[in-house]
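Residue numbers (this note's numbering): 1114 to 1195.
For each residue, glycine too, the CB sits at the ideal point set by N, CA and C.
Step one of this worksheet: look at the structure below.
Right, dumping it as structure tokens:
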């Protein structure tokens, strides 16, 4: 007979599976970023009217909005990949 003190230890408890990631915030970032980029580019084209000098000025003034839209797109696609 074997000694009860030599019995193998019980297996570690199983943790429940982590909940699936919420993709709603990723879709929000991706869609709002895309809309922001498209609207900003449309506004830059409308303000410039095909004139190169006005286009440069409009692009410089719209660059913070373009960067924000690009950041939202990046965050959204990154969250959706998880």
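Item: Can you tell which of 1169, 1126, 1138 has the C-alpha that lies nearest to the C-alpha of residue 1186?; Value: 1138
Item: Using a 10 Å radius around the Cβ and a threshold of 16 neighbouring Cβ atoms, would you call residue 1148 buried or exposed?; Value: exposed
Item: Helix, strand or coil, according to DSSP, for residue 1167 in the structure here?; Value: helix
Item: On the DSSP letters alone, give me the boundaries of the alpha helix (DSSP H) that residue 1204 sits inside.; Value: What is shown of the chain runs 1114 to 1195, which leaves residue 1204 out entirely.
Item: Does the count of Cβ pairs from the region 1120 to 1135 and the region 1160 to 1174 closer than 8 angstroms reach three?; Value: no
Item: Comparing C-alpha positions only, which one of 1173, 1182, 1119 sits nearest to residue 1150?; Value: 1182
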